[in-house]
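Colleague: Sharing a structure below in structure tokens format, with a few things to ask.
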Amino acid sequence: MTTKKLPFDTLAELIHSLGERGKTAKALEINPRTLVTRMQEPATFTVGELLKVAKLAGVDLAVVAGLAENQINNPIEPPAPVLGRPVRQH
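Read in order, the letters of the sequence shown are residues 96 to 185 in the numbering used here.
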């Protein structure tokens, strides 16, 4: 695992970089809708889920926790599911 500086400021951006959300959710063993909720509200992640994100991204848990903390302290709108496309509104 690595503690190097990532080009992301938030956990949502890191997760977005992992690829298709359905596949990411499956790798994390959660529902895709739950993944969207977690990306919007990183405080809702369990420690187990954060460990899986760290493993999937190839970084240390401390890096993932730091990104989550930054996003909690500086809320953002998570990236659209696909670059260049707006998030679908229900």
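Glycine included, each C-beta is placed from N, C-alpha and C at the ideal position.
As the structure is a prediction and not an experimental result, all values here were calculated from the model.
Whose C-beta lies closer than 8 Å to the C-beta of Gly179 among residues of the same chain, with five residues either side of it excluded?
Modeller: Residue confidence for Gly179 is low, a pLDDT of 47 falling below 50, so the modelled location carries little weight; the figure read from the coordinates is stated next. Around Gly179: no qualifying Cβ.
Colleague: In chain order, what residues of the same chain lie with their CB nearer than 8 Å to the CB of Gly117, ignoring the 5 residues before and after it?
Modeller: Pro127
Colleague: Would you call Ala152 buried or exposed, if buried means 16 or more other Cβ atoms sit within 10 Å of its Cβ?
Modeller: buried
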